[in-house]
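In the working numbering, the protein residues as written are 1 to 297. C-beta atoms are modelled at their ideal positions from N, C-alpha and C, and glycine is treated no differently. Below you'll find the structure, written out as structure tokens, and then a few comments.
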């Protein structure tokens, strides 16, 4: 059995930008907020963190800031994925040297690798680090799916320990083939409980930016046997989750944080601000939830 990197809810942390680059002060404030509100792990410089628009120097400096500031209070999982295997290997080596606790590595996008190519990509990455690796399968972004049979092969590599899965339809087959050799994390905030019912250990979450304790509690209730309580939470957050994915992530979650007074800036191009209609819809949905625990800046 492979050991989970975390159990509960990890935040897929946004990167706050200002005119000078990464707003380190706001980044640390976000970390403080999550550590105070039950977030179980922090994922830095991945998809929601807009790593695709971050030059390597900035990408790695952001990982370093988070690793040093968190200082082992919760696991820090560094996004090091790339569609260029050599580039991904470089990032994995650097994040390992910085002191990350684990790596999140996305399926190589755009190139349309075969299943054999996917396997070799992750195997090559795993060989350059002793850190545990979470494979990230998100076909809606990469136009590429990791087949269950490929997961079986990857699960046989010692430090490939988990998957952040967004293709929920294939989870039962993954469980059947891999068993305890691959830890499951949900990549879909709206489908956490179904994944937990198949043996999952938690979620890597966007919604946790707004409701960190709720996401943590939903997982822990399920794992402690309160399935009904967990399912109730899942149902209650559906409108919020839909609103947070009403435009391309992380556009809505950044807008939501700005509505709450965080002043964390906009996304980098080619991502742009929501339409006025989209902003109004998001704000109207948010009014149905209690965000009084968020600080005002």
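Exposed unless 16 or more other CB atoms sit within 10 angstroms - verdict on residue i
i           : result
residue 274 : buried
residue 151 : buried
residue 293 : exposed
residue 55  : exposed
residue 19  : exposed
residue 272 : exposed
residue 6   : buried
residue 87  : exposed
residue 49  : buried
residue 253 : buried
residue 249 : buried
residue 186 : buried
residue 295 : exposed
residue 291 : exposed
residue 97  : exposed
residue 218 : buried
Residue i - partner residues in DSSP beta bridges
i           : result
residue 137 : 165
residue 205 : 11
residue 186 : 165, 203
residue 21  : 18
residue 160 : 133
Range of the contiguous beta strand (DSSP E) that encloses residue i
i           : result
residue 79  : 76-79
residue 106 : 102-106
residue 43  : 41-44
First and last residue of the uninterrupted alpha helix (DSSP H) at residue i
i           : result
residue 128 : Counting along the chain, residue 128 falls outside any alpha helix (DSSP H), and DSSP gives it neither H nor E.
residue 57  : 56-70
residue 110 : Where residue 110 is concerned, there is no enclosing alpha helix (DSSP H), given that its DSSP letter is neither H nor E.
residue 173 : 171-178
residue 92  : 85-98
residue 281 : 276-286
residue 149 : 148-155
residue 195 : 192-197
Contacting residues, own chain, Cβ-Cβ under 8 Å from residue i (five flanking each side not counted)
i           : result
residue 52  : none
residue 172 : 198
residue 257 : 14, 209, 210, 264
Cut-off 7 Å between Cβ atoms - residues of its own chain near residue i, not counting five sequence neighbours on either side
i           : result
residue 191 : 168
residue 155 : 178, 181, 182
residue 99  : 67
residue 34  : 11, 42, 212
residue 208 : 9, 11, 39, 215
Contacts around residue i, its chain only, beta-carbon distance under 6 Å, and the 5 residues preceding and following it disregarded
i           : result
residue 126 : 133, 157, 159, 160
residue 93  : 128
residue 115 : 147, 150
residue 85  : 121, 124
Cβ-heavy atom distance, residue i to the ligand MG, below 7 Å
i          : result
residue 18 : Looking for the ligand MG in the displayed structure turns up nothing, as the structure carries no ligands at all.
| said: Going residue by residue through the stretch 220-271, where are the continuous alpha helix (DSSP H) segments of at least 4 residues, counting only ones entirely within it? | reply: 227-236, 238-244, 251-259
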